[in-house]
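These notes are about the structure you will find just below.
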Amino acid sequence: MQKLTRSIRKGSPDLNLFIIVVILVVFGVIFLSSASSVISFQEYNDSRYMFLKQVAAIIIGFIAMGIFYKVDVSYWKKLALPMLAISVITLIAVFIPGIGVEHGGAKRWIDIGPVQIQPSELLKFSMIIYLATLFEKKGREVRDAYGGLVPFVVLVAFMGLLIMAQPDLGTLLVLIAIAGVMYFVSGAKTSHLAYLGLAGVFGIIALIKLSPYRMQRFMVFLSPGDYADQAAGYQINQALIAIGSGGIIGRGFGQSLQKYRYLPEAATDSIFAIIAEERGLIGAVFMFLLFVAFGFFGFKIARSAKDAYTRLLAVGITSWIVFQAVLNICATLSLVPLTGVTLPFISFGGTSVVVVIASCGILLNISRKTLGRSAG
2 MQKLTRSIRK GSPDLNLFII VVILVVFGVI FLSSASSVIS FQEYNDSRYM
52 FLKQVAAIII GFIAMGIFYK VDVSYWKKLA LPMLAISVIT LIAVFIPGIG
102 VEHGGAKRWI DIGPVQIQPS ELLKFSMIIY LATLFEKKGR EVRDAYGGLV
152 PFVVLVAFMG LLIMAQPDLG TLLVLIAIAG VMYFVSGAKT SHLAYLGLAG
202 VFGIIALIKL SPYRMQRFMV FLSPGDYADQ AAGYQINQAL IAIGSGGIIG
252 RGFGQSLQKY RYLPEAATDS IFAIIAEERG LIGAVFMFLL FVAFGFFGFK
302 IARSAKDAYT RLLAVGITSW IVFQAVLNIC ATLSLVPLTG VTLPFISFGG
352 TSVVVVIASC GILLNISRKT LGRSAG
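Numbering of the sequence shown is given in our numbering, commencing with residue 2 and proceeding in unit increments.
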């Protein structure tokens with residue numbers, strides 16, 4: 002235990018980051034209580050059902066944050082490979098009858114007793130830990146084609162295949178973004194990054210063209226109005242109606258009309274549209290700026306980190322949360338095709354909110370060391 006907690010030393014965590022996390026969580030659970038009320042009542046005969054489940058997940062998340070805050074950051078190196086292996090096993094388990102759960106044609110959840118777990122959320126966290134450990138161990142070898150590039154590509158490609166088997170293009174994009182940023186920060190060669198970027202673009206184009214469903218979503222993105230009366234364009238058009246009807250100041254808290262089953266996934270993928278409908282442009286911009294501030298302080302912690310390993314951890318966690326938030330918001334605004342990713346801290350989802358909040362404990366741990374060091 003002494004070894005686990007030896008990172009507790011003089012220095013305070015970055016309170017700015019902690020306050021932003023708390024604000025995001027509080028705002029999220031408030032808006033979720035409205036966005037989920039109708040579907041909770043219709044599906045579970047209790048308008049507070051999803052709200053209460055989210056509150057329970059948030060409590061677990063903050064407990065985990067406290068633990069992660071106290072655990073020596075270097076201890077995660079020992080868990081990197083086992084955690085990645087567990088994530089892979091759970092990803093495969095979604096395809097096992099009786100364990101995997103299908104929703105909307107996608108197999109992304111597993112049943113463990115009374116709870117459902119989304120393995121892809123665990124993978125995001127475990128991959129960050131593993132890549133930080135791998136890149137630190139390789140050092141300058143990360144610039145080599147066979148020593149750095151090939152192992153990186155093999156790992157990301159393998160994880161990508163498991164994710165696309167579900168299928169889940171949105172999560173794949175998030176994983177690629179996390180891995181790409183961490184690879185860049187680790188000191189990868191510019192030419193390797195360029196090759197990977199081109200390969201990624203062509204790969205995404207191929208995935209879209211090879212799937213009629215994804216191709217249709219892309220066509221809806223290009224011209225949502227042309228698909229307003231079709232199933233493929235229903236969600237994005239209803240989201241845009243919600244956003245437009247909110248105006249500058251919104252309809253008022255709890256006054257959303259779109260949550261009455263007009264807008265699909267109002268409590269998950271599309272919750273930003275409900276925020277814009279009830280709180281207007283002001284509320285939507287404020288929510289976006291909270292994620293901008295999170296990114297600012299998260300990357301500031303990474304920049305001040307004492308070594309490559311903690312820098313990579315901070316960069317990975319920050320880029321994950323910020324990129325996923327931007328992707329969700331842009332999709333809701335029809336700036337990119339709908340991807341199905343949730344809004345971190347805000348959307349309903351126990352696995353997501355627990356893992357995201359807990360991960361911030363590592364960021365705060367790293368910030369304590371850097372702040373303590375600079376103060377001393």
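By construction, the Cβ of each residue, glycine as well, lies at the ideal position given by its N, Cα and C atoms. Since we're looking at a predicted model, the values are computed, not measured.
- F203 and I20 have their C-alpha atoms spaced approximately 40 Å apart.
- When only Cα atoms are considered, R144 and F185 end up about 10 Å apart.
- A277 has its alpha-carbon roughly 6 Å from the corresponding atom of G284.
- Close CB contacts of E122 within its chain, under the 7 Å cut and outside five residues either way in sequence, are with T352, S353, V356 (chain order).
- When only Cα atoms are considered, G253 and I31 end up about 13 Å apart.
- Positions of the alpha helix (DSSP H) runs, each at least 4 residues long and wholly inside the segment 220-301, are given as 232-247 in order along the chain.
- Annotation: F273 to T172 spans about 18 Å, alpha carbon to alpha carbon.
- Between the segment 153-163 and the segment 339-346 there are fewer than three C-beta pairs closer than 8 Å, too few to call the two in contact.
- Of the residues assessed, Q43 falls on the exposed side of the cut-off, its CB having fewer than 16 other CB atoms within 10 angstroms.
- DSSP, reduced to helix, strand and coil, places Q117 within a strand of the structure shown.
- Fully contained in the segment 70-148 are the following beta strand (DSSP E) runs of length 3 or more, in chain order: 101-104, 107-113, 116-118.
- For K210, the enclosing alpha helix (DSSP H) covers residues 191-211.
- Note on R369: 16 or more other CB atoms within 10 angstroms of its CB, so buried under the neighbour-count rule.
- Here DSSP, grouped into helix, strand and coil, assigns A166 to coil.
- In this structure, the alpha-carbon of I363 lies about 38 Å from that of S212.
- Using a Cβ distance threshold of 9 Å, V26 and I358 count as a contacting pair.
- Excluding the 5 residues flanking it on each side, F126 has same chain C-beta neighbours closer than 7 Å at V356, S360, in chain order.
- In this structure, G101 places its C-beta atom within 9 Å of the C-beta atom of K108.
- With distances taken between CA atoms, K139 lies nearest to S187 out of S187, I97, I68.
- Just measuring C-alpha positions, the residue of A306, L176, S192 sitting nearest I205 is L176.
- In this structure, A58 lies away from A268, with their beta-carbon atoms at least 9 Å apart.
- Shortest Cα-Cα distance from P265 to any of I249, D47, T333, A309 involves T333.
- I244 sits away from A303, with the two beta carbons spaced by 9 Å or more.
- Here S224 is exposed: its Cβ has fewer than 16 other Cβ atoms, across all protein chains shown, within 10 Å.
- In the DSSP annotation of this structure, the continuous segment of the alpha helix (DSSP H) that includes S35 starts and ends at 16-36.
- Distance from G251 to G281 at the Cβ level is roughly 3 Å; contact confirmed, criterion being Cβ atoms closer than 8 Å.
- Counting along the chain, the unbroken alpha helix (DSSP H) around G317 starts and ends at 309-333.
- Between the alpha carbons of A229 and K307 lies a distance of about 52 Å.
- When the beta-carbon positions are compared, M160 and V74 stay at least 9 Å from each other.
- Taking S13 as reference, the option from F28, Y70, A189 with the minimal CA-CA separation is Y70.
- When secondary structure is reduced to three states using DSSP, V157 falls in the helix class.
- Using a Cβ distance threshold of 9 Å, S335 and A240 count as a contacting pair.
- An exposed status is given to N46, since fewer than 16 other beta-carbon atoms sit within 10 Å of its beta-carbon.
- The C-alpha of V337 lies about 33 Å from the C-alpha of I61.
- Residue burial is scored here from C-beta neighbours: I164 has at least 16 other C-beta atoms within 10 angstroms and is therefore classed as buried.
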